[in-house]
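Before any comments, here is the structure.
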Amino acid sequence: MLGLAQVGAAEGLWLRAERQTGGRGRQGRVWESPAGNLYASTLVRLRPNDPEAATLALVAAVALQEAVGTYVAPAEAGAVGSGAIGSPGNAAAPASAGATVVIKWPNDLLLGGAKLSGILLERTGDAVVIGMGVNLAHHPERLDRPVTSLAAHGPAPAPAEFIETLAEGFARWLGLWRGQGLGPVRARWLERAHPSGTPLTARLPDGSAVDGLFDGLDAGGALVLRLADGGRRVIHAGDVFLI
């Protein structure tokens with residue numbers, strides 16, 4: 107997709123792979139890519155009055171959470187992970203009854219507390235490529251953190267079906283981001299995140315770690331931690347884990 111962006115591909119293009127042989131996660135990690143999961147990228151062309159490009163990570167996260175929520179029955183009426191607001195939902199049977207789909211900063215989705223998907227942004231010129239991977243049919247084993255898939259909870263959609271749901275939602279949230287700024291996207295992200303006060307560990311790029319309680323996002327979308335001494339720490343980059 108980066109190559110297509112460099113030769114002028116238009117915004118709104120989506121590419122989906124059946125499987126990947128060179129998938130990458132955050133900080134260059136290898137991403138396991140068996141057939142049956144979603145491996146997709148889309149392209150956004152930045153415009154002069156757009157919000158900061160990095161905040162497209164929030165756009166992608168809320169769109170992906172909404173799409174996954176279409177296939178997951180909420181834990182209770184109105185609970186986090188209930189799918190699109192004002193949407194009739196999908197006719198397919200939910201993949202999981204009583205599970206909760208939440209967003210974890212910077213842009214992972216957790217299903218029942220285990221990682222379900224990830225998002226990676228890459229930029230070239232005025233183009234931002236947003237890659238999304240979702241464990242629909244499979245998930246890796248023996249990792250250093252809990253990981254899951256929709257299929258581990260019940261029937262899961264095929265990748266070709268799921269990407270249609272995702273593309274529609276992403277276009278809608280991208281339009282809000284452009285037309286109304288980051289505010290509505292940030293608000294939805296916070297609604298669908300783990301609760302305020304959730305204990306977190308942030309592992310920073312310099313190798314250090316910071317423990318604190320989730321205290322929301324700053325105005326630009328950075329993570330805010332409330333520290334034991336009562337102070338607040340703003341995290342702009344790093345890996346975050348639930349404690």
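Throughout, this note's numbering is defined as the position within the sequence shown, counted from one, plus 106. Each residue gets a CB set at the ideal place from its N, CA and C atoms; glycine is no exception. These figures come from a predicted structure and were not determined experimentally.
By the DSSP assignment, the beta strand (DSSP E) with residue i in it spans what residues?
{"i": "T307", "result": "P305 to R309"}
{"i": "L319", "result": "A315 to L323"}
Buried or exposed: which applies to residue i, given that a residue is buried once 16 or more other Cβ atoms fall within 10 Å of its Cβ?
{"i": "G318", "result": "buried"}
{"i": "S202", "result": "Reliability of the predicted coordinates at S202 is poor, the pLDDT of 47 falling under 50, and the value obtained from them is presented with this limitation in mind. With 16 or more other Cβ atoms within 10 Å, it is buried."}
{"i": "G224", "result": "buried"}
{"i": "A264", "result": "exposed"}
{"i": "G344", "result": "buried"}
{"i": "G109", "result": "exposed"}
{"i": "V113", "result": "exposed"}
{"i": "T391", "result": "Residue 391 cannot be examined here, being either before or after the span of the chain that is shown, 107 to 349."}
{"i": "A258", "result": "buried"}
{"i": "R125", "result": "exposed"}
{"i": "T206", "result": "buried"}
{"i": "A266", "result": "exposed"}
{"i": "L217", "result": "buried"}
{"i": "L215", "result": "buried"}
Please return the same chain residues whose Cβ sits closer than 8 angstroms to the Cβ of residue i, not counting the five positions on each side in sequence.
{"i": "A197", "result": "Note that A197 scores 34 on pLDDT, short of 50, meaning its location in the model is unreliable; the coordinates nonetheless yield the value given after this. Excluding residues within five positions, none has a Cβ falling inside 8 angstroms."}
{"i": "A166", "result": "N213, I225, L227, I236, M238 and F276"}
{"i": "L119", "result": "M107, L110, T148 and L149"}
{"i": "A273", "result": "W120 and T148"}
{"i": "G231", "result": "A111 and Q112"}
Starting from residue i and walking both ways along the alpha helix (DSSP H), at which residues does that stretch end?
{"i": "E267", "result": "P265 to Q286"}
{"i": "V165", "result": "L162 to G175"}
{"i": "G109", "result": "L108 to Q112"}
Please state if the CB of residue j and the CB of residue i are separated by a distance shorter than 8 angstroms.
{"i": "S147", "j": "I236", "result": "yes"}
{"i": "G322", "j": "L348", "result": "no"}
{"i": "L152", "j": "V291", "result": "no"}
{"i": "H244", "j": "P140", "result": "yes"}
{"i": "L280", "j": "T161", "result": "no"}
{"i": "T307", "j": "F320", "result": "no"}
Within its chain, find whatever has a CB closer than 7 angstroms to the CB of residue i; leave out the 5 residues flanking it on each side and keep chain order.
{"i": "R298", "result": "V168, Q171, V186, V208 and I209"}
{"i": "R339", "result": "V316, G318, L331 and L333"}
{"i": "R294", "result": "V168"}
{"i": "L282", "result": "P290 and V291"}
{"i": "E182", "result": "Confidence is the limiting factor: at E182 the pLDDT is only 40, short of 50, which leaves the residue's position unreliable, though a coordinate-based value still follows. Excluding sequence neighbours, E182 sits near nothing in its chain."}
{"i": "E117", "result": "L149, V150 and R151"}
{"i": "S302", "result": "F320, D321 and G322"}
{"i": "A220", "result": "P252, V253 and T254"}
Apart from the five residues on each side of it in sequence, which residues of its chain come closer than 6 angstroms, Cβ to Cβ, to residue i?
{"i": "N241", "result": "N143, L222 and S255"}
{"i": "G184", "result": "Any reading at G184 must be qualified, since the residue scores a pLDDT of 36, below 50, and its modelled position is unreliable; the value itself is stated next. Closer than 6 angstroms at Cβ, skipping near neighbours: no residue."}
{"i": "R122", "result": "A146 and I269"}
{"i": "W89", "result": "For residue 89 there is no data in the structure shown, the boundaries of the chain being 107 and 349."}
{"i": "R309", "result": "A315, G344 and D345"}
{"i": "H342", "result": "A328"}
Within the chosen definition, does the stretch 322 to 334 reach the stretch 155 to 168 through at least 3 CB pairs nearer than 8 angstroms? yes
Assess contact between the stretch 248 to 257 and the stretch 162 to 171, defined as three or more Cβ pairs (one per stretch) separated by less than 8 angstroms. Is contact present? no
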